[in-house]
Amino acid sequence: MTDAALTVRLNAQDNVVVARRAIGERTTLDAEKVTTTAKIPAGHKIATSRIANGEPVRKYDQIIGFASADILPGDHVHVHNCLMGEFDRDYAIGSRAKPVKMVPEAERDTFQGFVRKNGKVGTRNYIGVLSSVNCSASVCRFLQQNFPKEVLARYPNVDGIVALTHSTGCGMADRGEGFAALQRTLWGYARHPNFAGILMIGLGCEVNQIDFLLEAYQIERGPFFQTMTMQDTGGTRKTVERATAIITGMLPHANEFGRQKVSASELTVALQCGGSDAYSGITANPALGYATDLLVAQGGTGILAETPEIYGAEHLLTQRAVSEEVGRKLIERIRWWEEYTSSNGGEMNNNPSPGNKAGGLTTILEKS
Numbered sequence: 002m003t004d005a006a007l008t009v010r011l012n013a014q015d016n017v018v019v020a021r022r023a024i025g026e027r028t029t030l031d032a033e034k035v036t037t038t039a040k041i042p043a044g045h046k047i048a049t050s051r052i053a054n055g056e057p058v059r060k061y062d063q064i065i066g067f068a069s070a071d072i073l074p075g076d077h078v079h080v081h082n083c084l085m086g087e088f089d090r091d092y093a094i095g096s097r098a099k100p101v102k103m104v105p106e107a108e109r110d111t112f113q114g115f116v117r118k119n120g121k122v123g124t125r126n127y128i129g130v131l132s133s134v135n136c137s138a139s140v141c142r143f144l145q146q147n148f149p150k151e152v153l154a155r156y157p158n159v160d161g162i163v164a165l166t167h168s169t170g171c172g173m174a175d176r177g178e179g180f181a182a183l184q185r186t187l188w189g190y191a192r193h194p195n196f197a198g199i200l201m202i203g204l205g206c207e208v209n210q211i212d213f214l215l216e217a218y219q220i221e222r223g224p225f226f227q228t229m230t231m232q233d234t235g236g237t238r239k240t241v242e243r244a245t246a247i248i249t250g251m252l253p254h255a256n257e258f259g260r261q262k263v264s265a266s267e268l269t270v271a272l273q274c275g276g277s278d279a280y281s282g283i284t285a286n287p288a289l290g291y292a293t294d295l296l297v298a299q300g301g302t303g304i305l306a307e308t309p310e311i312y313g314a315e316h317l318l319t320q321r322a323v324s325e326e327v328g329r330k331l332i333e334r335i336r337w338w339e340e341y342t343s344s345n346g347g348e349m350n351n352n353p354s355p356g357n358k359a360g361g362l363t364t365i366l367e368k369s
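Mapping of the sequence shown onto this note's numbering: position 218 corresponds to residue 219, and the numbering continues sequentially without gaps.
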C-alpha cells in the first residue's frame, strides 16, 4: 500500500492526518514528510507538524483539542497528549445560511405510507403496548409474545404488536426533568402515526398515574386508545387475558389501513449516531447529512438528535441557521447541557466512550 493510501488529510490547514489502517512504527509518510514515532491504530491521528504544549490540535480545520505536552511530527495524537479545552466560537448566526432549493410539489418523490384519520402518515402499521411503569413491563412483553407470526398472518396489513417498556415510572418524584421526560416520551408514542392502536398498561399504584398523563397531554380514551391497570383487572394472568382480547379486537381495524402513495414531504427522519469512531465523521455522518438535505428539499423533516454531541461544533450550525431564532435556540440548548452536566457532577467531555476513544476519537470536540 502506498503511503498516500495509509492516511487521509481532511484539510490543508490540519496539523494531523488520520490513519486509514494500522501503521507501524518508523513508517515514513512521504506525502506528509514525516515518519511515525509509534504504532498508530487504524482511525487514529498522526501529527504532521510540531504542536507545542497548549497549542490547538486541528482536524477538519477545526479545533478538536489542545496539546497537553509537546507533540512532534510523526507522533501518535490521542488522550495521552491531547486534552479538551475551551475556545471562543464565532456563532455568526446565519452568516453561511443557504436557501433550500425546494422541489416543486408536483415533482416530489413519493413513498407507500399509512395515512391516519388525523392526516399524519406512518411508515409502519403497528399496535403498541405501552407500560406506564416498570411493574407492568413483563405483562406488555407477554402480550407481544401472544401474537406470533402465525396469528398476525391473518392481518397482512399489520406489521406487528410492539411492547414499549422502560425501567421507571415509580420510586420517583411526580415532577421534575425525569418525570417530564418519561411522560413526554409516552405521549410521543401514544400519538405516533406508526400505531393504528395503543393499549397502555399500568400497575395501578405507581407515581406515573395513567389518568394524570392523559389529563396533562389531553389524550382521550377510545376504541383504539385504551388503558388498564393490573390491580383493577385482578393481577398478571387476568390482565394478560383481558389485554389479549382488547388487542384482538383492534387487529381488524388496524388491518383496514393499507399503504397509499404519499408525498415524501410527509416523511420525518430522526438521526442517531451509535458506536462512533474516527471514520464516522468522514463516512456515514456526511452521507446522512446529504440524505437529509435531499429529504428537506422534498418538503420532509430531519430531526437532529443527541445535541450534546455537537458540543464544540455548534457554531458551525448556527452559522448556517435560517433565522436568529433558530440559532439562539441551538445555543440555549448547548447552555442547558453545560448546566445539566455540571449540576450532576459531570462535564461535556465525559461523552466520548471507551469505544469511541479506541476508535480514534479523543475529545467531545472531535466527536462533534
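The C-beta atom is built at its ideal place from N, Cα and C for all residues, glycine as well.
Separation of residue j from residue i, as counted between CA atoms
i      : j      : result
Asp89  : Glu339 : 15 Å
Ala32  : His316 : 32 Å
Glu267 : Phe67  : 44 Å
Arg176 : Asp71  : 50 Å
Ile162 : Ser281 : 33 Å
Ile247 : Ile199 : 10 Å
Gly172 : Thr228 : 21 Å
Tyr92  : Arg59  : 19 Å
Lys330 : Trp337 : 10 Å
Phe180 : Glu216 : 15 Å
Ile64  : Gly86  : 9 Å
Arg27  : Val35  : 9 Å
His193 : Thr269 : 11 Å
Glu151 : Arg222 : 30 Å
Asp110 : Thr302 : 14 Å
Ile332 : Pro287 : 22 Å
His81  : Glu108 : 54 Å
Arg238 : Phe143 : 10 Å
Neighbourhood of residue i by C-beta, 7 Å cutoff - its chain only, sequence neighbours within 5 removed
i      : result
His77  : Ala39, Ile41, His45 and Ile47
Lys368 : Ser277, Glu310, Asn352, Pro353, Asn357 and Leu362
Asn12  : Tyr61 and Asp62
Ser50  : Asn16 and Pro74
Arg97  : Gln320 and Arg321
Residues near residue i by beta carbon distance below 6 Å, same chain, minus five either side
i      : result
Ile94  : Thr319, Ala322, Glu325 and Gly328
Arg10  : Val18
Phe148 : Ile162
Gln261 : Val116
Gly360 : Gly44, Asp278 and Ala279
Tyr218 : Trp188
Glu56  : Ala68
Best match in the options for proximity to residue i [C-alpha to C-alpha]
i      : options                           : result
Ala265 : Ala298, Ala271 and Ile24          : Ala298
Met349 : Leu366, Ala359 and Pro355         : Leu366
Glu207 : Thr169, Gly123, Ala197 and Arg185 : Thr169
Val241 : Leu272, Arg21, Arg185 and Met201  : Met201
Ser69  : Thr8, Ser50 and Asn54             : Asn54
Thr230 : Thr237, Gly25, Gly203 and Glu221  : Gly203
Lys121 : Val263, Arg334 and Glu178         : Val263
Phe225 : Ile283, Thr249 and His81          : Thr249
Leu296 : His81, Pro105 and Leu144          : Pro105
Pro355 : Leu183, Gln184 and His79          : His79
Val101 : Thr293, Glu307 and Leu289         : Thr293
8 Å Cβ shell around residue i - same chain, five flanking residues per side excluded
i      : result
Leu165 : Gly129, Val130, Leu131, Ser132, Cys141 and Tyr190
Ala23  : Lys40, Ile41, Pro42 and Ala43
Val159 : Asn126, Tyr127, Ile128, Leu153, Ala197, Leu252, Ala255 and Asn256
Asn135 : Thr166, His167, Ser168, Thr169, Gly170 and Cys171
Thr8   : Val18, Val19, Ala20, Arg21, Ile24, Leu30, Ala32, Glu33 and Ile47
Tyr291 : none
Gly205 : Thr230, Met231, Gln232 and Asp233
Residue burial classification, residue i (beta-carbon count within 10 angstroms, cutoff 16)
i      : result
Met103 : exposed
Asp15  : buried
Ala314 : buried
Met2   : Caution is warranted here: a pLDDT of 49 is assigned to Met2, below 50, making its placement in the model unreliable, and no coordinate value can be reported.
Ile52  : buried
Asn119 : exposed
Leu30  : buried
Ser137 : buried
Ala244 : buried
Ile211 : buried
Gly346 : exposed
Gly123 : buried
Gly275 : exposed
Ile335 : buried
Reduced DSSP category for residue i - H, G, I as helix; E, B as strand; rest coil
i      : result
Ser324 : coil
Pro253 : helix
Gly114 : strand
Pro353 : coil
Thr49  : coil
Met229 : strand
Pro57  : strand
Leu11  : coil
Gln210 : coil
Phe258 : coil
Ser132 : strand
Ile220 : coil
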